[in-house]
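Please read the structure below before turning to the comments.
Number of protein chains: 2
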Amino acid sequence: MSHISEPTVRRLSNYYRVLEEVAAEGKRMISSQLLAEREGITSAQVRKDLSAFGSFGRRGLGYHVEHLRDEIRALLGLDRRWKACIVGAGHIGSALVSYRGFADQGFDVIAVFDADQDRVGRTLEGLVVRHISQLGPKEGFEIGVIATPVRAAQEVADALVAAGVQGILNFAPRKLKVPASITLRTVDMTMEFESLSYALTHTSDSGPRRRRSAPRRRA
Amino acid sequence: MSHISEPTVRRLSNYYRVLEEVAAEGKRMISSQLLAEREGITSAQVRKDLSAFGSFGRRGLGYHVEHLRDEIRALLGLDRRWKACIVGAGHIGSALVSYRGFADQGFDVIAVFDADQDRVGRTLEGLVVRHISQLGPKEGFEIGVIATPVRAAQEVADALVAAGVQGILNFAPRKLKVPASITLRTVDMTMEFESLSYALTHTSDSGPRRRRSAPRRRA
DNA sequence: TTTTGTGAACGTGTTCACAGCG
DNA sequence: CGCTGTGAACACGTTCACAAAA
């Protein structure tokens, strides 16, 4: 199974959700063609992705829905739970603590930290917000979630690494530096806003109006 | 400037943030090399990206920080404001209404909708939550943000399109169908969780433990 | 016949390396 | 000399097309 590309893992995530739906609909088998249609991709892509992990299908029949779903669940590591903490009890941090999807995917949020004394001591979903200085290796956090303002993000990342986490989910719009042994995923909403803004500016109405002078051509 | 790839636009977003920082530090010029280092990419990538839009640099000197920052701001369409509404006043929706980054990037959230009568009438950041049935074309929303549970997402997307939005920012973990003329960007946290879970499962400790029986080889 | 699994062909995005210009 | 702008080379991911299996 050598090396798996990032896009493949992301699509695996999608297949998993589709398979859950299809299983709920009671379908027993599904072809790569049908899976592909739900995702808006080609059937060859689906087969390539899946074949990177093994031979899950049966020629002439397709894939067994529940079996494939369970295989993918295991591949994604969703058949176990992770001990997670959230740093930052502001708007986003609070929303994340309450977010059902976290628990559903196997993330147990067992602590919330913040640097602001006004927030320390408050209760969020049954968890008392603790001061960031209490973040340490004793509680065995495996995953840390960064939901702080940008300026604090790198410092918090360092603290999480020192506390022994293996993975970090970063919601601050900044590229963070972590040791190679730590897995980092960043959810950068700012980038999505700007990508949307770009697309809206450069489609339909009036096009990419050039400010000042005439359009230059390259030599 | 023909066609610009999605990755290029995303990096433009990053360059913009770096340039804001560098400008604040008082630096006048910056080379593609230095810009690249901050992003962890190659200098050739930076030059290729920028040259797709014009010749912003000076050979032997580099790029003028403030000038380049302003050019990119205009390219991303950040030199204007967008009228936006948020649908879903739950945890995530509430967090987004309060999110500073929205306003900073030129998004003016001027309305919040929800389907739940218990939430309708509440106030979020000075905005009264209104019932989803009031979502219509009269207020001239240009961008709609979906912050509802998955099951409502497609229906809300349809309603936003009917209300005349040009772009949709979707926070529900589902691939939505919208007309080709509408720009859709999805922030799928679930996918990031799962990608993180995958990475953690397949690195370091014990590797990708195979459940049941021996690994099959392909024929 | 249907549909998978996969080598080969293709296309797209990244990196190299250097000509060109300040 | 320093650094940009860019064609050419390269790497990587997607799609094609078909042999193999049910």
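These protein sequence lines are chains B and U, in that order. Here my numbering is used: the first residue of the first sequence is 55, the next is one more, and so on. Here my numbering is used: the first residue of the second sequence is 55, the next is one more, and so on. Yeah, the Cβ is synthetic: ideal placement off N, Cα and C, and Gly gets one too. Predicted model, so just to flag it, every value in this text is computed and none were measured.
contact_flag[the stretch 131-143 of chain U, the stretch 153-172 of chain U] where n(CB pairs < 8 angstroms) is 3 or more: yes
Cβ neighbour criterion (16 or more within 10 Å) applied to D170 of chain B: exposed
Contact residues within the stretch 236-250 of chain U, judged by C-beta distance below 7 angstroms to chain B: T237, R239, V241, M243, T244, M245, E246, F247, E248, S249 and L250
Buried or exposed by the 16-neighbour rule on C-beta atoms within 10 Å, applied to D242 of chain U: buried
CB contact check: Y252 of chain U to chain B, cutoff 8 angstroms: yes
Buried/exposed call for Q220 of chain U, threshold 16 Cβ in 10 Å: The residue in question, Q220 of chain U, is buried, as its Cβ has 16 or more Cβ neighbours within 10 Å.
R228 of chain B in three-state terms, based on DSSP: coil
Below-8 angstroms beta-carbon distance, T177 of chain U vs any chain B residue: no
Members of the stretch 135-151 of chain B that neighbour chain U once the beta carbon cut-off is set at 9 angstroms: Here the close residues are W136, G144, H145, I146, G147, S148, A149, L150 and V151.
Nonlocal neighbours in the same chain, by C-beta distance under 7 angstroms from Q87 of chain B, ignoring five residues either side: S97
is_contact[F274 of chain B, chain U] using C-beta, thresh 8 angstroms: Outside the shown range of chain B, which is 55 to 273, sits residue 274 of chain B, and nothing can be said about it.
Closer than 8 angstroms to chain B by CB, S260 of chain U: Because S260 of chain U sits at a pLDDT of 48, beneath the cut-off of 50, its placement in the model cannot be relied upon, and the point is left open.
Chain-ordered chain B contacts of E93 of chain U [CB-CB under 7 angstroms]: Here the neighbours are K229.
Under 7 angstroms from the C-beta of Y69 of chain U: neighbouring residues of chain B: None at all; the shortest Cβ gap to chain B is about 11 angstroms.
Extent of the continuous beta strand (DSSP E) to which D133 of chain U belongs: Careful: D133 of chain U lies outside any beta strand (DSSP E) and carries neither H nor E.
Contact set between F161 of chain B and chain U, taken where Cβ atoms lie within less than 8 angstroms: F247
Which of helix, strand or coil DSSP assigns to L73 of chain B: helix
C-beta neighbour in chain B for V63 of chain U, strict 8 angstroms: yes
Burial state of P227 of chain U (16 or more Cβ within 10 Å): buried
Rounded C-alpha distance that separates R71 of chain U from G144 of chain U: 30 angstroms
Cβ shell of A273 of chain U (< 8 angstroms), same chain only, five flanking positions each side left out: Confidence in A273 of chain U is poor, its pLDDT being 24 and thus under 50, which makes the residue's placement unreliable; the coordinate value appears in the next sentence. Closer than 8 angstroms at the Cβ level, and outside the excluded window around A273 of chain U, lies no residue.
Neighbour flag for Y153 of chain U against chain B, beta carbons, 8 angstroms: yes
Chain-ordered chain B contacts of L223 of chain U [CB-CB under 9 angstroms]: M243, E246, F247 and L250
Assigned secondary structure, T257 of chain U (DSSP; H/G/I helix, E/B strand, else coil): coil
8 angstroms CB neighbourhood of F125 of chain U in its chain, flanking five on each side removed: Residue identity check: residue 125 of chain U is Glu in the sequence provided, not Phe. The residues are F107, G108 and F110.
Cross-chain neighbours of G131 of chain U in chain B, by beta carbon under 7 angstroms: Within chain B, the residues near G131 of chain U are S251, Y252, L254 and T255.
Distance, V232 of chain U Cα to A253 of chain U Cα: 32 angstroms
Closer than 8 angstroms to chain B by CB, R99 of chain U: According to the sequence displayed, residue 99 of chain U carries Gln and not Arg. Closer than 8 angstroms: no.
Cross-strand partners of D162 of chain U (DSSP beta bridge): U:K137
D212 of chain U, DSSP secondary structure in three states: helix
Residues near L89 of chain B in its chain [Cβ-Cβ closer than 7 angstroms; skip 5 each side]: Y69, V72 and V100
Y117 of chain U in three-state terms, based on DSSP: strand
Partner residues on chain B for Q208 of chain U, Cβ-Cβ distance less than 9 angstroms: Simply none; closest approach about 13 angstroms.
Rounded Cβ spacing between M83 of chain U and S67 of chain B (contact assumed at less than 8 angstroms): Contact doesn't hold; Cβ gap of about 43 angstroms is too wide.
Start and end residues, alpha helix (DSSP H) containing A146 of chain B: Reading the sequence as shown, one finds Ile at residue 146 of chain B and not Ala. Looking at the DSSP string, the run of the alpha helix (DSSP H) that includes I146 of chain B is H145 to S152.
Cβ shell of K81 of chain B (< 7 angstroms), same chain only, five flanking positions each side left out: V119
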